[in-house]
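If you want my numbering, it's the position in the sequence shown, counting the first as 1, plus 1184. Glycine residues also receive a C-beta, built at the ideal position from the N, C-alpha and C atoms. Small disclaimer: the values here were computed from a predicted structure and weren't measured. Quick notes on the structure that follows.
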Amino acid sequence: MSRDRPIKGFNNNICSLILTGQHHSEFTINQPEESSAPVGGSATITCSYNTPIKKTPINAVIYWRASGHDGPIAYHPSTWMVHPTYRGRTNVTQQADLQITGVQHTDSSVYYCLVTLKFCVGNGVIKNSISCGNGTRLSVTAANEIPVYQIIIPIIFVFILIVVGGILIFRKGFLCKKEHETTAIQQNVNEPVAAGDPSNEGTREEMPYEEINGGIIYADLKMTKLDPGQSRSQPNRETEIIYSYVK
1185 MSRDRPIKGF
1195 NNNICSLILT
1205 GQHHSEFTIN
1215 QPEESSAPVG
1225 GSATITCSYN
1235 TPIKKTPINA
1245 VIYWRASGHD
1255 GPIAYHPSTW
1265 MVHPTYRGRT
1275 NVTQQADLQI
1285 TGVQHTDSSV
1295 YYCLVTLKFC
1305 VGNGVIKNSI
1315 SCGNGTRLSV
1325 TAANEIPVYQ
1335 IIIPIIFVFI
1345 LIVVGGILIF
1355 RKGFLCKKEH
1365 ETTAIQQNVN
1375 EPVAAGDPSN
1385 EGTREEMPYE
1395 EINGGIIYAD
1405 LKMTKLDPGQ
1415 SRSQPNRETE
1425 IIYSYVK
């Protein structure tokens, strides 16, 4: 399928005629609403069209206009018809995609894709069908400019990681502290009273049972401090109860 010179008598305002309903088209053109490219880089504005059912075009002619339906021609099969601003920098790839090289700030504009299809409807009878896209706005950005969404998404992701990590660290520290306090309390309860320690005189301590060679020994002692003025031969001793069970 070649791209011919424009058909004889082609109306440069055909896009306006189509959009105002003064021209009937047998197919539609699809192109995105927006596109972007960096200064000095390359821009590609996609354009595609659907041919009528049970009709195969014998030829297709692609045009691109900028800044309006009757604006300067950004691409044309005949390079002499291309506006000097775009001459030598534009090309058509794929089905009807416009490619602009050496993008400049002045390339920021709305670009319209225009397609002319030729159909054979009889012996030696050729019918032309023309359609125009709704336009794509090209935004030219600085060479080192990064789109906003490429900055915001990583920041949000890092923030979520920091919050989750902080929560996990806090919970781990709280559990470790609680476990340490529980262990310290158990050690204080199970620690036996040292024999002969004066600081422990006059106190009553319950000793937990202990298994010795399969036996159980339980002791419950109640001791009182010795009165210095009392005769050692007649100590005033409280009752001592000792239980012992050996198996």
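Measuring C-alpha to C-alpha distances from F1303 to each of I1344, G1224, R1321 and T1240 identifies T1240 as the nearest. At the C-beta level, S1232 and I1314 stay beyond 8 Å of one another. Going by C-alpha positions, I1339 is about 20 Å away from L1352.
Contact between the stretch 1292 to 1303 and the stretch 1247 to 1258 is established, with three or more Cβ pairs separated by less than 8 Å.
In the DSSP assignment, G1306 falls within the unbroken beta strand (DSSP E) covering S1293 to G1306. Residue environment for L1322: buried (at least 16 other C-beta atoms within 10 angstroms of its C-beta).
DSSP lists T1277 as the beta-bridge partner residues of D1281. Restricting attention to G1224, W1264 and L1301, the CA atom closest to the CA of A1280 is found in L1301.
In the three-state DSSP reduction, K1238 falls in the coil class, being neither helix nor strand. Of K1238, I1310, V1348 and L1282, the smallest CA-CA separation from S1219 is found for L1282.
DSSP places A1227 in the uninterrupted beta strand (DSSP E) bounded by A1227 to I1229.
Of all alpha-carbon atoms in Y1259, Q1278 and I1229, the one lying nearest the alpha-carbon of N1318 is that of I1229. Taken atom to atom, the span from the alpha-carbon of R1271 to that of L1345 is near 51 Å.
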